[in-house]
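Residue numbers 57 to 478, in our numbering, belong to the letters of the sequence shown in order.
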Amino acid sequence: MMIQRVRGFRDILPGEVGRWRTIERLAAEVFENFGFKEIRIPLLEKTELFARSIGEVTDIVEKEMYTFIDRSGDRLTLRPEATAAVARAYLQNKLYSIQPVQKLFTIGPMFRRERPQKGRYRQFYQINAEVIGVAAPTVDAQLIIMLLTLLKKLRVSDLTVQLNTLGDGDCRPKYQAALARFLESIAGGLCADCRRRRTENPLRVLDCKNQDCQALLEKVPTIHDFLCAACRDHFNTTCNLLNQEGVDYHINDRLVRGLDYYTRTTFEIQTRALGAQSAVAGGGRYDGLMEIIGGPQTPAIGFAVGLDRLVEIVDAQWAAKDRRPLVFVAALGDAAGQKAFGWVNRLNREGIYVEMDYSGRSLKSQMKQAGRQGAEYVLIVGENELAAGTVIVRDMTASAQKEVPMRDVINLLRGIGSATKG
Ligand code: AMP
57 MMIQRVRGFR DILPGEVGRW RTIERLAAEV FENFGFKEIR IPLLEKTELF ARSIGEVTDI
117 VEKEMYTFID RSGDRLTLRP EATAAVARAY LQNKLYSIQP VQKLFTIGPM FRRERPQKGR
177 YRQFYQINAE VIGVAAPTVD AQLIIMLLTL LKKLRVSDLT VQLNTLGDGD CRPKYQAALA
237 RFLESIAGGL CADCRRRRTE NPLRVLDCKN QDCQALLEKV PTIHDFLCAA CRDHFNTTCN
297 LLNQEGVDYH INDRLVRGLD YYTRTTFEIQ TRALGAQSAV AGGGRYDGLM EIIGGPQTPA
357 IGFAVGLDRL VEIVDAQWAA KDRRPLVFVA ALGDAAGQKA FGWVNRLNRE GIYVEMDYSG
417 RSLKSQMKQA GRQGAEYVLI VGENELAAGT VIVRDMTASA QKEVPMRDVI NLLRGIGSAT
477 KG
């Protein structure tokens, strides 16, 4: 039986890659305009990095990680997200000693063993941006603005920004205690997942998708009544900066995000273009993360854009067109084939895209292939031309052809190549 790909994984075929590349290039361009630099981190990390940072009681760590013991007995995990790995890289490479404030981005695959469905994969791609070393709400607002700049550049429609705060180590525990008391009073009506979350990770009950749970939460206490002065200030300043810059957002006090390490600002960008899977990006502040993974207290904030979903919703106009060969060399017979091989290699090396036939087919089928590939010119060289030391150059658009001496071929093609490029 033919071997199939792993369930929940996907192939991104040549026809689709253009759109991916365009988005990746635009993201890098926009982020670099905001002063971000690219970092590339491994796909594999020690399991402990994610278990500690994301939190033991999260769907990701409990049931979605691809974890294995390698031959030397280390427990390793295919990264389910990038933030913890970027944080580790920041600490391990002492990036703070070069420049305490680091604005970093990275693009690549993440792995989570979720139930595969439309728009949800087990290997999916994210564009991540992180600002490490700044506590001020200025960067909270700036990150949201940068993200919107990218999405607007890609003409993603119907964008909404959901904004919330989760408080910090000072005020969040007080809120969690009040929340736990409230959840106890409605425990009987909660779904099975929420009954478990209620004791293990009560904040996660707030964003349960179950309608019955949401109805029961109507009178749930809100974090905004529990914020300490510093967290309230931080949130208000973020809002003010967004107002000042004309950013439209909704405060959503049930937005908690899936991972444990978030503090203060959290946000999500949704678009109706996606239907049910509406979040195209999410992020927030994680001032406690560095300490959790063994570093000094360092404020930080970041976001992740779901690249698979973005590719799905951006307009087809972003699909880069297949590159067309400038010239197709149609050669007949071995001797002509060898000559053609020399010309093709020479021009390809010089940066001119030239194609040829590899299987000695008839002139008719080589002409057909040239047409299918969209070649602008075809060079025809057979026994007669070889004997006469000439080639036929056919202009496919004008349907006109002329004979030129073989020794002029390379210069002629170089001329056409540079005229087309210019
Ligand atoms: P998260 O890291 O869970 O905050 O996710 C950030 C973004 O990544 C989400 O808003 C989604 O767009 C995208 N995403 C998360 N999980 C998946 C998945 N399994 N398949 C495709 N995209 C995903």
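All C-beta atoms in this analysis are idealised placements derived from N, C-alpha and C, irrespective of residue type, glycine included.
Run through DSSP, which three-state label would residue i get?
| i | result |
| --- | --- |
| residue 148 | helix |
| residue 125 | strand |
| residue 451 | strand |
| residue 478 | In this prediction, residue 478 scores a pLDDT of 49, lower than 50, which makes its location untrustworthy; the coordinate-derived value is nonetheless stated afterwards. In the structure shown, residue 478 sits in coil (DSSP, three-state: anything other than H, G, I, E or B). |
| residue 349 | coil |
| residue 555 | Absent from the model: residue 555. The displayed extent of the chain is 57 to 478, so no value can be given. |
| residue 248 | helix |
| residue 204 | helix |
| residue 70 | helix |
| residue 158 | strand |
| residue 136 | coil |
| residue 174 | coil |
| residue 341 | strand |
| residue 459 | strand |
| residue 192 | coil |
| residue 253 | helix |
| residue 438 | coil |
| residue 362 | strand |
| residue 131 | strand |
| residue 278 | coil |
| residue 312 | coil |
| residue 336 | strand |
| residue 330 | helix |
| residue 82 | helix |
| residue 213 | coil |
| residue 238 | helix |
| residue 231 | helix |
| residue 269 | helix |
Is it buried or exposed, residue i, if we count other Cβ atoms within 10 angstroms and call 16 or more buried?
| i | result |
| --- | --- |
| residue 184 | buried |
| residue 421 | exposed |
| residue 58 | exposed |
| residue 153 | exposed |
| residue 105 | buried |
| residue 414 | exposed |
| residue 343 | buried |
| residue 76 | buried |
| residue 418 | exposed |
| residue 151 | buried |
| residue 229 | exposed |
| residue 155 | exposed |
| residue 159 | buried |
| residue 387 | buried |
| residue 289 | exposed |
| residue 186 | buried |
| residue 174 | exposed |
| residue 338 | buried |
| residue 377 | exposed |
| residue 69 | exposed |
Name, in chain order, the residues that DSSP records as bridge partners for residue i.
| i | result |
| --- | --- |
| residue 219 | 307, 323 |
| residue 164 | 182 |
| residue 187 | 159, 357 |
| residue 293 | Bridge partners of residue 293: none, in fact. |
| residue 446 | 461 |
Excluding five sequence neighbours on each side, which residues of the same chain lie with their C-beta closer than 7 Å to the C-beta of residue i?
| i | result |
| --- | --- |
| residue 167 | 122, 134, 135, 136, 178, 179 |
| residue 242 | 272 |
| residue 190 | 157, 355 |
| residue 309 | 220, 278, 279, 280 |
| residue 162 | 94, 95, 96, 97, 138, 142, 184 |
| residue 227 | 282, 283, 284, 287 |
| residue 461 | 445, 446 |
| residue 316 | 110, 111, 114 |
| residue 298 | 197, 200, 305 |
| residue 340 | 313, 318, 321, 322, 323, 357 |
What does a CB cutoff of less than 8 Å around residue i pick up in its chain, not counting 5 residues either side in sequence?
| i | result |
| --- | --- |
| residue 132 | 100, 101, 102, 103, 123, 124, 125, 126 |
| residue 478 | Here the model assigns residue 478 a pLDDT of 49, short of 50, so the residue's position is not dependable, and the following value carries that caveat. The answer is none, since no qualifying residue turns up. |
| residue 254 | 236, 239, 240, 243, 246, 261 |
| residue 350 | 147 |
Residues in its own chain within less than 6 Å of residue i by CB, not counting five upstream and five downstream?
| i | result |
| --- | --- |
| residue 90 | 202 |
| residue 269 | 246, 247, 250 |
| residue 206 | 83, 86 |
| residue 439 | 389 |
Task: Complete beta strand (DSSP E) runs within the segment 368-434 (minimum length 3 residues, chain order) - done: 383-387, 410-412
- [ ] Return the chain-ordered ranges of every beta strand (DSSP E) run that is complete within the segment 94-121 and spans a minimum of 3 residues.
- [x] 100-102
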